[in-house]
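For reference, the structure discussed in these notes is given below.
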Amino acid sequence: MFSDYVALVKNLRGVVLVRPQAPEAEQLVQWLGQRFRYRNVGVPPSVVDKSPAFFESRLGGNPFVKLAYPLESLMKVAECVGRLSNLQPEMVEATILASAYASPVICLGSSLYGELQGLSIDEVQTKVELGDREWRLHLRIADYSVLDLYRWSTEQARHLWRGELNGFAEARRERIHRDKRRYWRLQRGDSAPKPFLCYLDLAQTIALDPALLERIVSLPEAEVCAGLAIVTAVVVA
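Residue numbers for the sequence shown follow the working numbering, so the first one is 1 and each next one is one higher.
Below, the structure written as structure tokens:
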């Protein structure tokens, strides 16, 4: 399990969410494949398992690969959150794996993006119609957001185990607010605003649910925090 993780993590550029039965799925998957021909994009196990025929010939890399949980404790977190909350399992799994691999979620389709809102803390909208150059730039910036927030947000998630929840959510929201400034280019247009990305934070969801918090803090702190970073989720629609 861990060896699979090591083989993937350095070259991974995102964790994809897609509903293969959606009419636009094929077109969006091809679009994404063209932009990451020389890098990998990970597909969560639950997404692959729901549509094995769709992914059968697509998981050889360049770009799509099936992801593995690097730690069993992270799989237990996904199971706990899926069982004790109203969040959809694929959304939870994608968020945890995006944190574990320090990569953004890439959400193919506006309806799927809407389903992520249960984990969304804040949003960046765009007033610019994105061409290839702008997509490349801002997908890279979304990756930088995850990397730059990673160490602080995983360390701060340790407060869950210490019961130090006063100001917990506020501190994380403030970091997100500051990070949003890097997307200033998206505000320099005249188009009607539409979502470009949102920030996902499973740690805040856990902090607000006593039953879920009790279960999560029974798991190994150092391991579980790797799945509790603030991550970005870019919508491609």
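Ideal placement from N, C-alpha and C gives every residue a C-beta, glycine not left out.
No experiment lies behind these values; they were computed from the predicted model shown.
- The continuous beta strand (DSSP E) containing Gln-125 extends over residues 120 to 126.
- The beta carbons of Pro-44 and Leu-97 sit closer together than 8 Å.
- It is roughly 25 Å from the alpha-carbon of Ala-226 to the alpha-carbon of Phe-196.
- Secondary structure of Tyr-199 (DSSP, three-state): strand.
- The beta carbon of Asn-11 sits closer than 8 Å to the beta carbons of Arg-39, Asn-40 from its chain, once the five residues preceding and following it are set aside; these are given in chain order.
- Counting only runs of 4+ residues, the alpha helix (DSSP H) found wholly inside the stretch 58 to 97 occupies 72 to 84, in chain order.
- Between Leu-149 and Ala-207, the gap from beta carbon to beta carbon reaches 8 Å or more.
- In the structure shown, Leu-17 adopts extended strand secondary structure according to DSSP, grouped into three states.
- DSSP lists Val-15, Val-65 as the beta-bridge partner residues of Gly-42.
- Close CB contacts of Val-18 within its chain, under the 6 Å cut and outside five residues either way in sequence, are with Ala-25, Leu-108 (chain order).
- Two segments are said to touch when three or more pairs of C-beta atoms, one from each, lie closer than 8 Å; by this definition the stretch 84 to 97 touches the stretch 118 to 129.
- In the structure shown, Val-6 falls within a helical segment according to DSSP collapsed to helix, strand and coil.
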